[in-house]
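Protein chains in written order, with this note's numbering: chain A, 1 to 190; chain B, 191 to 449.
Just so it is clear, CB atoms sit at the ideal spot from N, CA and C, and this is done for glycine as well.
Reading through the structure tokens given below for one structure.
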Amino acid sequence: MKKRILIFISIIVSAFYVVRLYTLNSKEHFPIILEYDNNQEVEFENDFFDYSEENMNGYSITLTNSELMTIDEFISNYAIQDKEIFHPFNYVCLLKVNVKNKSNKDEEKSGLNLKHFMLQSGAYMTYPNTDAFAYVNDIDFMQFSLRYNSDKDFIIPFLIYNGNVDINTFKKMSPQLVVSLFPHKKVIKI
Amino acid sequence: MNNNILKTTSKIICIITSLCALALSLYRSYESISWYKDYSHACELNTQRNSLAPLFSPFTLWIGGGKIDLLVKMFYILLFINITLIVIYKLASSPKQEYKKIFILSGSVALFPIINLLCLFLFIPAIKPDSVYDIHYNVISTNHFCNTFYNHPLLYCLIYFLAFFVFCGLTGGLSFLFAKAFKNILFSVVPVFLLFVLFFEDKFEIIKYRINPITIFQSDVTFMEFIYSIIIEAIIIILFSLLLFFICTKNKINVKEGE
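Next up, the structure:
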């Protein structure tokens, strides 16, 4: 009899636990992740990385091309003299993006900071390299605003070090470009 | 020492340490839930900043989730003390004990951190950790099972619980074999006593932080980081247990079915 009562109580407690888990996890507490494909235009709307003052509203970004190459190929392709600055990196992931200012007329208090962008692949994540950015884009700043109704192409370089991630694991874990974190985490699949 | 006194004393201390461990576990649950509630409230008031929601998840706020403070240290010390007390109590109750039973009973101390995690699941949404905030979790791409942490965090915790269960079981088993081989129940304190000597060793930080299981098991993150230390130690315990097993067999002490 005691055993039956115990089993009955266990079933009731387990049922209560499952119901509670279900109700708690079905509410809107979870970060919203929006995934986009290559060549798909992503509008920033009111999304940002850390603070809303970043103001990327009215801008959009499109990933047009992605390329993974060894650091030696990168150095020879861009005729870089100072090779030491890319030590000890082994690979470069170059992401060609098109940034548009579609509707933001407040050019002074808005814009993008490409330093916030991230390359994420499973547990690995990295930020763009500022030195490499200067070489591939011929500009040495990553924060900018565009004139209303204009657009510009950029290449965002992410350097990868073998000691941090195995390149095969990196490719296998479906890498993605993170373009905003909050309220929506927007990622573009590479 | 009289077995009855030993039995009663170990039982009372075991109950006290278990209750203390349970109280610490529940207190950490209460603290974590309060942190989550306060943070959610602050985020509701200020939608102009990233709420960093994945940082406030049961997988990161549970007692072995990475935040190591005095409470966590005390909690794990109590669990290791409990292993010895369980062995002393069982041997004092009846010398006819099986290694298998002692292994399972000692390993059951791994239930205490599980209780903490289960409590958190009732109050905090099970948000997956996100590697873009990896600096806050201390789990980076070079750590073992890092992809499991970000993709299947529950599995990550389960690996930890399983390893903790096995390690506690092996430690309890070794305590049992010590008592059997030296024909004295009090010898069962030797393995855990040695662990505590290493834990309170201040001269060599490498021993305290990279080798001592009491420190390594204080969080799933440190466990994964020093998983090879734990595997090597488990192998050493198994080899030592086999040696004691051999001594017991040679002295005609039956540890399989009881003396």
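Kindly indicate which residue of the options has the alpha-carbon position closest to the one of residue i.
| i | options | result |
| --- | --- | --- |
| K201 of chain B | B:F265, B:L214 and B:L281 | B:L281 |
| P285 of chain B | B:S419, B:K370 and B:D259 | B:K370 |
| I273 of chain B | B:L344, B:T361 and B:T250 | B:T361 |
| I427 of chain B | B:C358, B:E395 and B:I417 | B:C358 |
| L94 of chain A | A:M69, A:Q81, A:F86 and A:D106 | A:M69 |
| K291 of chain B | B:S331, B:L367 and B:L216 | B:L367 |
| P248 of chain B | B:F293, B:C438 and B:L344 | B:L344 |
| M173 of chain A | B:S321, B:N328, B:L352 and B:F372 | B:S321 |
| H87 of chain A | A:I160, A:Y22, A:R4 and A:S10 | A:I160 |
| C347 of chain B | B:T332, B:K373 and B:F311 | B:F311 |
| S145 of chain A | A:K105, A:I80, A:S10 and A:F8 | A:K105 |
| V97 of chain A | A:D151, A:R147 and A:E54 | A:D151 |
| Y226 of chain B | B:S241, B:L295 and B:L214 | B:S241 |
| D228 of chain B | B:I401, B:A243, B:V329 and B:A424 | B:A243 |
| R218 of chain B | B:N374, B:I304, B:I205 and B:L275 | B:I304 |
| K27 of chain A | B:I314, B:P381, B:I417 and B:Y399 | B:I314 |
| Y135 of chain A | A:G58, A:Y51, A:Q81 and A:F30 | A:Q81 |
| L352 of chain B | B:N236, B:L429, B:I417 and B:V379 | B:I417 |
| L212 of chain B | B:F355, B:V356, B:I325 and B:L301 | B:L301 |
| A132 of chain A | A:F89, A:R4, A:V19 and A:Y17 | A:F89 |
| Y124 of chain A | A:E53, A:F141 and A:N168 | A:N168 |
| F372 of chain B | B:F435, B:T332, B:N236 and B:C210 | B:F435 |
| Q143 of chain A | A:G163, A:N162, A:Q120 and A:N55 | A:N55 |
| E107 of chain A | A:A79, A:I190 and A:N149 | A:N149 |
Starting from residue i, follow the alpha helix (DSSP H) in both directions and report where the run begins and ends.
| i | result |
| --- | --- |
| S219 of chain B | N193 to L235 |
| M264 of chain B | L260 to S283 |
| T23 of chain A | K2 to S26 |
| N77 of chain A | I71 to N77 |
| P175 of chain A | Counting along the chain, P175 of chain A falls outside any alpha helix (DSSP H), and DSSP gives it neither H nor E. |
| S150 of chain A | Taken as a continuous stretch (DSSP letters only), S150 of chain A belongs to no alpha helix (DSSP H), being part of the beta strand (DSSP E) at S150 to I160. |
| L385 of chain B | V380 to F389 |
| M125 of chain A | Careful: M125 of chain A lies outside any alpha helix (DSSP H), inside the beta strand (DSSP E) at Y124 to T126. |
| E415 of chain B | D410 to E415 |
| V136 of chain A | T130 to N137 |
| D324 of chain B | D324 to Y327 |
| F49 of chain A | No alpha helix (DSSP H) contains F49 of chain A, which DSSP labels as neither H nor E. |
| Y289 of chain B | Y289 to G297 |
| F394 of chain B | Looking at the DSSP string, F394 of chain B is not in any alpha helix (DSSP H), and its letter there is neither H nor E. |
| A353 of chain B | P343 to A371 |
To the nearest whole angstrom, what separates the beta carbons of residue i and residue j, a pair I think is in contact under 8 angstroms?
| i | j | result |
| --- | --- | --- |
| M118 of chain A | T126 of chain A | 7 angstroms |
| E41 of chain A | S60 of chain A | 5 angstroms |
| L196 of chain B | I278 of chain B | 6 angstroms |
| K115 of chain A | P128 of chain A | 6 angstroms |
| I155 of chain A | L63 of chain A | So it is not a contact: roughly 11 angstroms between Cβ atoms. |
| P403 of chain B | I420 of chain B | 6 angstroms |
| F262 of chain A | F44 of chain A | One cannot answer for residue 262 of chain A here, as it falls past the ends of chain A, which runs 1 to 190. |
| K263 of chain B | Q408 of chain B | 7 angstroms |
| S298 of chain B | G363 of chain B | With a Cβ gap of about 13 angstroms, S298 of chain B and G363 of chain B do not count as contacting. |
| Y323 of chain B | L245 of chain B | 6 angstroms |
| L34 of chain A | K186 of chain A | 5 angstroms |
| L307 of chain B | T207 of chain B | With 8 angstroms as the limit, L307 of chain B and T207 of chain B do not qualify as a contact, their Cβ atoms being about 20 angstroms apart. |
| A424 of chain B | V380 of chain B | At roughly 17 angstroms, the Cβ-Cβ gap does not stay under 8 angstroms, so A424 of chain B and V380 of chain B are not in contact. |
| N162 of chain A | T332 of chain B | Actually they do not touch by this definition, with Cβ atoms about 11 angstroms apart. |
| L385 of chain B | I401 of chain B | Not a contact, Cβ separation roughly 10 angstroms. |
For the beta strand (DSSP E) containing residue i, list its first residue and its last residue.
| i | result |
| --- | --- |
| E224 of chain A | In the structure displayed, chain A extends from 1 to 190; residue 224 of chain A sits before or after that span and is not available. |
| N98 of chain A | Y91 to N101 |
| S145 of chain A | Element bounds for S145 of chain A: n/a, residue is neither H nor E. |
| S247 of chain B | Careful: S247 of chain B lies outside any beta strand (DSSP E) and carries neither H nor E. |
| K189 of chain A | H184 to K189 |
| V119 of chain A | At residue 119 of chain A the sequence reads Leu, which differs from the Val that was named. First-last of the beta strand (DSSP E) with L119 of chain A: M118 to S121. |
| V42 of chain A | E41 to E43 |
Does the beta carbon of residue i come closer than 8 angstroms to any beta carbon on chain E?
| i | result |
| --- | --- |
| N194 of chain B | This model lacks chain E altogether; the protein chains it does include are A and B. |
key: Residues, ordered as in the chain, of the segment 321–332 of chain B that lie near chain A by beta-carbon distance below 8 angstroms   = Per Cβ criterion, the list reads S321, V322, D324, V329, I330, S331 and T332.
task = Please determine if the segment 171–180 of chain A and the segment 229–239 of chain B are in contact, where contact requires at least 3 C-beta pairs separated by less than 8 angstroms.
result = Taking 8 angstroms as the limit for Cβ pairs, the verdict is that the segment 229–239 of chain B does not touch the segment 171–180 of chain A.
ask   = What residues in the segment 45–56 of chain A bring their beta carbon closer than 9 angstroms to a beta carbon of chain B?
value = Flagged, chain order: F48, F49, D50, Y51, S52 and E53.
ask   = Given a limit of 8 angstroms on CB to CB distance, which residues of the segment 101–129 of chain A reach chain B?
value = Going along the segment 101–129 of chain A in chain order, one finds M118, Q120, G122, A123, Y124 and M125 with a Cβ nearer than 8 angstroms to chain B.
ask   = Closer than 8 angstroms, Cβ to any Cβ of chain B: which residues of the segment 16–32 of chain A, in chain order?
value = Per Cβ criterion, the list reads Y17, R20, L21, L24, N25, K27, H29, F30 and P31.
key: Interface residues of the segment 340–357 of chain B facing chain A [CB-CB below 9 angstroms]   = Under the 9 angstroms Cβ criterion, the segment 340–357 of chain B contributes Y340 and N341.
ask   = In the segment 157–175 of chain A, which residues sit with their C-beta less than 8 angstroms from some C-beta in chain B, listed in chain order?
value = Listed in sequence order: G163, N164, V165, T169 and M173.
message = With three or more beta-carbon pairs closer than 8 angstroms as the criterion, would you say the segment 255–264 of chain B touches the segment 408–424 of chain B?
response = Put simply, the segment 255–264 of chain B touches the segment 408–424 of chain B. At least three CB pairs are less than 8 angstroms apart.
query = Counting pairs of beta carbons, one from the segment 210–224 of chain B and one from the segment 72–90 of chain A, are three or more of them closer than 8 angstroms?
reply = For the pair of segments examined, the segment 210–224 of chain B was found not to touch the segment 72–90 of chain A: the number of CB pairs separated by less than 8 angstroms stays below three.
ask   = Just by C-beta distance, which residues in the segment 222–256 of chain B are closer than 7 angstroms to chain A?
value = Of all residues in the segment 222–256 of chain B, only Q238, R239, N240, S241, A243 and P244 come within less than 7 angstroms of chain A when Cβ atoms are compared, listed by chain position.
task = Anything in the segment 297–317 of chain B with a Cβ closer than 7 angstroms to a Cβ of chain A? List those residues in chain order, please.
result = Taking 7 angstroms as the cut-off between beta carbons, the residues of the segment 297–317 of chain B near chain A are F311, L312, P315, A316 and I317, in sequence order.
Interfacial residues, the segment 71–90 of chain A to chain B, with Cβ spacing under 9 angstroms = Residues: none.
key: Touching by the beta-carbon criterion (3+ pairs, under 8 angstroms), the segment 336–351 of chain B and the segment 264–271 of chain B   = The segment 336–351 of chain B makes no contact with the segment 264–271 of chain B: fewer than 3 CB pairs, one atom from each, lie closer than 8 angstroms.
key: Contact set between the segment 176–188 of chain A and chain B, restricted to residues whose Cβ is under 8 angstroms from the partner   = Against chain B - using a Cβ distance shorter than 8 angstroms - the residues of the segment 176–188 of chain A are V178, L181, F182, P183 and K185.
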